[in-house]
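Heads up: take any position in the sequence shown, counting from 1, add 338, and you land on my numbering.
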Amino acid sequence: MNKFKSILGGVALSVAIASSALAAGVEINASSTGLAMQGYDPVAYFTVGEPTKGDYRISTLHNDALYRFASEENKVAFEANPEAYLPAYGGYCAFGTAMGFKFDGDPTYWKIVDNKLYLNLSKDIQERWEGDIPGFNERADVNWKDIADKTPAELQADQ
Numbered sequence: 339m340n341k342f343k344s345i346l347g348g349v350a351l352s353v354a355i356a357s358s359a360l361a362a363g364v365e366i367n368a369s370s371t372g373l374a375m376q377g378y379d380p381v382a383y384f385t386v387g388e389p390t391k392g393d394y395r396i397s398t399l400h401n402d403a404l405y406r407f408a409s410e411e412n413k414v415a416f417e418a419n420p421e422a423y424l425p426a427y428g429g430y431c432a433f434g435t436a437m438g439f440k441f442d443g444d445p446t447y448w449k450i451v452d453n454k455l456y457l458n459l460s461k462d463i464q465e466r467w468e469g470d471i472p473g474f475n476e477r478a479d480v481n482w483k484d485i486a487d488k489t490p491a492e493l494q495a496d497q
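If you want it as structure tokens, here you go:
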């Protein structure tokens, strides 16, 4: 039994190390295990025009974040040019970034503007952002330079 516990402990430690190794930096909105966009396929927004869950068996690492895809074709397209498909502001809420914060970007509240994918926190936030997309994106672009390397908690503590 002790041998079994030892093996089980080793497996648990290996999983913990592997999980922490996958954790993306603070500039990417990802889960503690490094999963970006809550598992949604970033390419599908451009090809199918709607949020599409990726398949855990079709995935790739980019900047220490794990992206999932609905098809091998989407994975190949992403790997060839990730910048064309990655959401703005690391997948954080576009409106929140304009306000100087990092709020979770919900992959079901999205819009492509000038061939760039933007996510927002919720329906009402999305509607507010859509009221002045150019103005909010201009503010977000300026703010992103200062907040990209800070955690969401650090930004809230600064207020």
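Think of the CB as a built atom: it goes at the ideal place given N, C-alpha and C, for glycine as much as any other residue.
Sequence ranges, alpha helix (DSSP H) only - wholly within the segment 377-417, length at least 4: 382-385
3 or more residues per run - each beta strand (DSSP E) lying fully within the segment 469-495: Runs of the beta strand (DSSP E) lying entirely within the segment 469-495 and spanning at least 3 residues: none are present.
Pairwise C-alpha distance: Cys431 and Phe441: 5 Å
Under 9 Å between C-beta atoms of Tyr309 and Val381: For the chain, the structure presents residues 339 to 497; residue 309 sits outside this window and is missing.
Bridge-paired residues (DSSP) for Asn367: DSSP, once it has assigned bridges, lists no residue as partnering Asn367.
Start and end residues, alpha helix (DSSP H) containing Gly372: Looking at the DSSP string, Gly372 is not in any alpha helix (DSSP H), and its letter there is neither H nor E.
Classification of Lys413 by the beta-carbon crowding that lies within 10 angstroms, buried from 16 upward: Under this definition Lys413 is a buried residue.
Asp470 versus Leu459 - alpha carbon distance: Looking at the backbone, the Cα of Asp470 and that of Leu459 are separated by about 16 Å.
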